[in-house]
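Participant: The number in the working numbering is simply the position in the sequence shown, starting from 1, with 1270 added.
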Amino acid sequence: MYGNRLRDGNDLNGGLPLLAPMSEVAGRLAPQMGAWTLQKANGGRGVLLGGVPGVAPAKVLVLGGGVVGTNAARVAAGMGADVTVLDKSLSRLRYIDDVFGHLFKNGYASQKATAELASQADLIIGAVLVAGAEAPKLISKEQLSTLQPGTALVDVAIDQGGCFETSRATTHADPIYEIDGIMHYCVANMPGAVARTSTLALGNATLPFIISLADKGWIKACSDNPHLFNGLNVHDGKLTYSAVGEALGIETVKPDLKALSILH
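#1: For the beta strand (DSSP E) that contains V1332, what are its first and last residues?
#2: Assuming Y1511 is part of the alpha helix (DSSP H), what are its boundary residues?
#3: Pop quiz: V1457 and I1395 are said to be a contact at Cβ under 8 angstroms. What is the actual Cβ separation, rounded to whole angstroms?
#4: What's the gap between the Cα of H1442 and the Cα of D1368?
#5: Restricting to Cα atoms, I'd like to know which of V1345, L1423, I1480, D1485 is closest to L1498.
#6: Buried or exposed: which applies to K1524, given that a residue is buried once 16 or more other Cβ atoms fall within 10 Å of its Cβ?
#7: Residues in its own chain within less than 6 angstroms of V1353 by CB, not counting five upstream and five downstream?
#8: Would you please state the rounded distance, in angstroms, between the beta carbons of A1351 and L1319? I believe it to be under 8 angstroms.
#9: Is the separation between the beta-carbon of A1491 and that of P1291 shorter than 9 angstroms?
#10: Quick one: what's T1354 bridged to in DSSP?
#11: Is V1464 helix, strand or coil by DSSP?
Here it is, written out as structure tokens:
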């Protein structure tokens, strides 16, 4: 038995090329959903993301500078918001600075910086990812009292358990809820809201891998392509993906592809 979760396939640099299209969609969708959540009728602060002449734009804090975070920041800045991205990777922050320049601000994601900027923000977008594992909790329930009433939290990390302590998965039909005056948008599978775009983007990324599996069989395909091998979850009744094993307390065993290719 062989099981490969394509979204877990990563390259030699730790990137997730098969997850990237959905991260791009979710990231670009997050400011749009945040802007909607901020509307007064939805319980938000009644703030227009881009402001108007004489009225300051909304302050947007993006937690995480990966694919989701940079796409979210680009769109939010494009809508005229005052955007800051926080990340713990200095190399990623340098990349953001080089590529995006002064389009939006960036900073190191210390607890102090996160708390300070969160207390000033109108919209906070959670965009952190630990591949295959539960997302870290970056804003606690106690911290909600330090946020401005009506602040909108958009948790793109909800599929990995969420990065806000008060996050719980919601649906496209019933997307938001309020806790302590703070509005939460925590829709699981956010890209499903724009299904046509998401399907085309995911198909473009996955089809070459599917063809490779069909033409070569899984052993040869995984031997030739590190993305597929690194995404291997199950083989011969044993769990092979270490992050899942650590989360569930199950031993993992990585198969020897060279030995298997000889047997087959």
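Glycine included, C-beta positions come from ideal geometry on N, C-alpha and C.
Facilitator: Inspection of the coordinates gives the following:
#1: 1329 to 1333
#2: Unbroken run through Y1511: none, as it is neither H nor E.
#3: Not confirmed; about 13 angstroms, so no contact.
#4: Going by the C-alpha atoms only, they are around 36 angstroms apart.
#5: I1480
#6: exposed
#7: V1330, A1343, A1346, A1347, F1374
#8: 5 angstroms
#9: no
#10: In DSSP, T1354 forms a bridge with L1331, K1375.
#11: helix
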